[in-house]
Structures are given as structure tokens and as C-alpha cells.
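Residue 1197 is where the sequence shown starts when you use my numbering, and the numbers rise one by one after that.
Every residue gets a Cβ at the ideal spot worked out from N, C-alpha and C, and that includes glycine.
This one's a predicted model, so the numbers in the text were calculated from it and none came from an experiment.
Taking it in order: structure first as C-alpha cells, then the write-up.
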Amino acid sequence: MAVNAPAVNGPALIAARMNRLPLTRTHRRLVLTVGLAMFFDMYEIFMSGVLGAVMRERYHLDRTEVSAVLASVFVGMFIGVLAVGRLSDRLGRRRALLLGVCVYTVFSAVGALTDGVPQLIAARLLAGLGIGPVLPLADAYLSDLLPARARGRWTAWAYTVAFFGVPAVGLTARWLVPLKPLGVDGWRWLFLIGSAGGLIVLALRRHLVESPRWLASVGRTAEADEVLRRLEAEAGVTGAGTAAEVPDRPKSEAGAAGSGARIPAPAKGGEPAKATPASGEPVRAEARRRLEPVHRKRVAMMAVFHLLQAFGGYGFGTIAPLVLATKGYSIVSSLLFSALTFAGYPLGSLISIPLIERVERKFLIVGAALGMAVSGLAFGHASGAPAIIAAGVCYTAVSNVFSNGYHVYQAEIFPTTHRVAAVAATYSLSRIATAAMPFLMVPLLERSGADVLFAVVAATLVAIALDIGLLGPRVNGQTLEDVNEALAARPGPTPPAHPGPPGPAAGAGGAAGPGSGSESESGPGSEAGTHPDHAVGPVSPGSPGSRPTPGPSARR
């Protein structure tokens, strides 16, 4: 690094510099690479449903054994997701993501070599240790790196690439399961293809940069600065500067770009002063602090969400081949129908791209959940092939608008220092719920039929709509700092007037206060009424008789 380069300015200015970046070639490459990692992750997850149907017919498994095959990977995913929060704090977003890919690459290959159901269950459980962390890590990683105005749309593109893995496994299974290429059972080739995909992702790892936000949050600001300088050079943007020098950013970013910190004006001599958290505590100490009450409420909201969404989201892909089998279709026909209905997953992801920035994400999730409830009931009641396929495609398409919406949303509503840990902790609940799901849904399907099964699924989706609709904050178009870190700083009482040189005026040099201009908590059932930050901007330090300055949201 050049000797005369401006000093690294801590998390606040790192965040401000991230927010003013346009999309670059590096952003697009990492979206594609992360999308491929998730493609094979989805391939592995939805292979469970195919395996359940195949193993049931080929090896005459009873209900408990089928449920164990289906559940094994999700138990592994639950354990893997639980571990990823601490692991990503130590290794970083990039290395933790690649480690997850390595694990599922190895144990998917092991699964192809197993001889017997117990060994297969063990291999799937171990593969799940790597499969589980990939999606929450990808959510946090993309949220960290993508600009605010493009965050939803480009994360949806990554998931569009990913969800092509769902029809891919369905069509591949339909082709390979009846065959024995090179004398090897077709279902074993499914594992080998998934493992080969992981190797492709690892070969593309050079396109992944570490998150500057994460680096700054753990005190590695020099490395964050180095990554940012490369991105800025690629974008043709000038290097580090003060908040006043950062163009095309929301007003509320100017003073509280991270952790309630104020981006300082340049010190004498032209070098920017070093930013620190508003409390004055060191960055590492700040990273260890407890979640604010507003974020703890969000953890509870997402915990309820993930306990329920497993039944409506992954539940359909896992249980659909068995539903079709109970309707009297052969294994080959049910795999064909599943492959056709799975085409709705990438279709829905494509539909979400123009919607995800235009429709407030919390309402997009609510609407999609209700749409899934209706189309799921239609799928359960359908009898003829055209009706089954139409209802299935409708369900999977709407479910991917739902999925893309919540994957973007869950990473946006937590601060950088807790983003992976909070997302992983809540997301892990969906994994354990999905592991339990076959033991609940398979018996229900056999006893009561598809109509009752999908009525239960519809009830969980309505509960999800109420959870997010009543408790979720608004996020569209806002920086991560506006949605999160600005809420952590509560304005204290106005200090008494005292003589002295006037400080910078509020708004000059971008000194708007925490939460100013933020609409993240507005709307019915959101957290708006509990935070005075949203109506009042900062107190200009050192100004005689200084009074709170209305933020942009109050001025409107």
C-alpha cells in the first residue's frame, strides 16, 4: 500500500465507500460464482426427495427408513448451520463459504460409493454439514458486498442461477435412474455429478473477494481498504474520503455509515481522521456486544418464520414425488412430473427479479406465502396429469418469489457484526424442522391423503404471512447501515449550551444522525413508533445551544 495513501477510516467510512460503489465486473463475477455454489447446493438438497422415492421402490424400505434417508441431510445441515456463525467470524465469509463447498463435494462422492442404507444415511448427514452453511453464508456475503440499490435484484439473479439446480436434479434423475451407465446404478451418478459441480465452484474461487464490511468489523481495516481500493479502481471511483465527498448516497448515510459512528471531517494536513464507534469502544469490543432490542425482536420473528417455512418451502420439493406415488403414478412417471413442476423454481426466480426492488420485500414475502397456500391446496386436490403439473408449476414458481424475497430480507435486517450468526441461528431452525418434516408429513400423507397434508402446509404459510406482515421492518432501497446500525445509537439528552468554537452544522460534511431519513421501520406493525431516531437527527457537537436537527424523514 502506498505510503501517502489516506489512512484507513474504520467500519464507518468503509461502509460509506461500499455504499457509493456502482456495480463492477467483480460484483457480477462473484454473483455468478456464488450462484453456482448455490446451484449445486440446491441440487444436493432436492436430491433427497428423488432418493426417497427411488430407495423406497428399489430397496423396499419401510416408512421409517424412507424418513431417515430424507431427514439425514437436513440433520447435517442443522449442525453445519449452527457452527457457521462462529466459523465465519474466525475465517471470514469467503473462506467459510468455500469450506462448506469442500465438505459437500467430498461427502457427496462418498455417498456414491456407499453400500447399504445405513452408510448412505451417514454420508448424507456428513454432506449436510457442508450443504447447510452455503445459503446463509451466501445471503450475508451478497448483502455485504452488493450496493443498496442493486442488492435485491442481483441476489435474486444469484438465486435464479441456483434454482436451475432443482429441475436439473429432477431431469437428471428421470434420465439416469432407469439406467446403469458404465455398470453403475443411475442414482449413484446423481451423487457424482453433484460432487463434480463442487469442484467447478472451487476452481472459480479466485472470483470471490472477502467482504470489506466483515474485515472492518473485526478490526482488519487495512485489508478492507485494500479490497475496496481494487473495487474503486475497477469502477473508476476515487479512493477514501470524508462523508461529504461521497456522491450519490442517501442523506442518512452521511453521518452514520456504520455502528452509529460519525464519519469525521479531514484532520489537518488533509488526512481523514480515524472513525470509531459512537460509544468509543474498540472495533473488536463492539463486535462482541449484544444485539440491540430491535434486533432481538427480529431474531424472534425469523425464528418463527424458519420453523414454519420448512413445511411450505423445502417440504414441497422433498415430499412431492411421494405425493405423486400415493396418487398411483409409477416411480418414473412421478420423477417426470416432479421434474416438470420443478421447472417453476427458476421461473419464479426470474419473475422475482423485476419485483424484488419494486415491491417492498416484506409485502412480497407475505403475498407469495399466501399464493403458495392457494396453489398447494390445488396441487393436493389435483388428479389428472395436466392439473397436477399446472398446480405444481404454479406452487414452485410462487415459492421462489417467496424464497428470493426472504433470502435477501433476512440478511438485510441484522448488523454486520452479527449478520451471519443471526441468519445462521434462525435458518438452522428450518433445517431441523425439515429434518423432522418427513416423520410428520409422510405418516400424515399415508393416513389422511394429499388434501389434508396441503391444508396443514397452507396453515403454516398463513402463519408466516402474519409473522412477517405484522413484525417485519421495511428495507427496500436503504443501506444496511440505515436498516441496522443507525438503530443501535439512541440520541441522548441535549447537552447544555457552552461557549466554544461552533462545531460543524448538522448535515454539513454529511453529519446526519443515526436513522435519519430511514423508513426501515415505517408501516403498520413495524418498529417505527419505538425509535425517536427516525424523526430526529443528530445534535451537532460543540454548537452553542445546539438543538436536535430534524432528519430528512421529519422534514418530509
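Nearest to H1577 by alpha-carbon distance, out of A1516, R1416, L1566, V1405, is A1516.
Contact annotation, L1395 with L1372: C-beta distance approximately 19 Å; criterion of less than 8 Å not satisfied. A distance below 8 Å separates the beta carbons of R1289 and A1336. For the pair of segments examined, the stretch 1596 to 1609 was found not to touch the stretch 1519 to 1539: the number of CB pairs separated by less than 8 Å stays below three. Judged by beta-carbon spacing, V1362 lies beyond the 8 Å limit of G1326, meaning their Cβ atoms are not closer than that value.
If you compare the alpha carbons of R1627, V1277, G1245, L1667 with that of V1330, the shortest gap goes to V1277.
In terms of Cα proximity to A1496, the closest of G1348, E1428, T1622, M1273 is T1622. Remark: C-beta atoms of A1506 and S1339 do not approach each other more closely than 8 Å. Rounded to whole angstroms, R1291 and S1526 show a C-alpha spacing of 44 Å. Boundaries for N1672: no alpha helix (DSSP H) harbours it, and the DSSP string shows neither H nor E there. Looking from the CA of G1393, the closest CA among F1303, L1321, P1669, P1332 belongs to F1303. Note that the stretch 1539 to 1553 touches the stretch 1598 to 1617; at least 3 beta-carbon pairs, one per stretch, sit closer than 8 Å.
Burial is judged here by how many other beta carbons sit within 10 angstroms of a residue's own beta carbon; G1328 has at least 16 and is buried. Under the DSSP assignment, Y1300 falls in the alpha helix (DSSP H) whose first and last residues are 1289 to 1308. The three-state reading of DSSP puts T1220 in coil, since its state is none of H, G, I, E or B. Its chain contains P1611 as the residues whose beta carbon lies nearer than 6 Å to that of N1680, once the 5 sequence neighbours on both sides are disregarded; these appear in chain order.
Residue nearest to H1614 within the set I1275, R1320, G1281 is G1281 (criterion: CA-CA distance). Nearest in C-alpha terms to F1512, of all of K1493, E1240, F1538, S1529, is F1538.
For L1641, same chain residues with a beta-carbon under 8 Å away, outside a window of 5 residues either side, are I1515, L1518, V1519, T1522, L1649 in chain order. Ranking H1491, L1566, E1556, A1587 by CA distance to the CA of L1657 puts L1566 first.
Rounded to the nearest whole angstrom, the C-alpha separation of G1324 and L1266 is 11 Å. Spatial neighbours of A1564 in its own chain (CB-CB distance under 6 Å, excluding positions within 5 residues in sequence) are listed in chain order as V1594, V1597, F1598.
In the three-state scheme derived from DSSP, where H, G and I count as helix and E and B as strand, V1648 is classed as helix. Contact annotation: the stretch 1407 to 1422 does not touch the stretch 1259 to 1275, with fewer than three C-beta pairs closer than 8 Å. Taking each of V1269, A1319, P1343 in turn and checking the Cα distance to R1224, the smallest one comes out for P1343. L1287 and A1334 do not touch by the CB rule: their CB atoms are close to 15 Å apart, not below 8 Å.
From the listed residues F1270, R1370, G1432, the smallest Cα separation to P1634 is found for F1270.
For the 8 Å CB-CB criterion, A1249 and S1529 do not form a contact.
For K1493, the enclosing alpha helix (DSSP H) stretches over residues 1489 to 1508. Closest in C-alpha terms to T1356, from the list V1230, K1376, I1317, I1389, comes V1230. Residue environment analysis places K1376 among the exposed positions, since fewer than 16 neighbouring C-beta atoms fall within 10 angstroms of its C-beta. Excluding sequence positions up to five before and after I1585, its CB lies within less than 7 Å of the CB of F1533, L1536, T1537, all in the same chain and listed in chain order. Pairing R1554 with L1367, the inter-Cα distance amounts to about 33 Å. Proximity to A1607 across N1672, F1235, D1647 peaks at N1672, based on C-alpha coordinates. With distances taken between CA atoms, L1504 lies nearest to V1653 out of S1571, V1604, V1653. CA-CA distance, C1590 to M1251, rounds to 28 Å.
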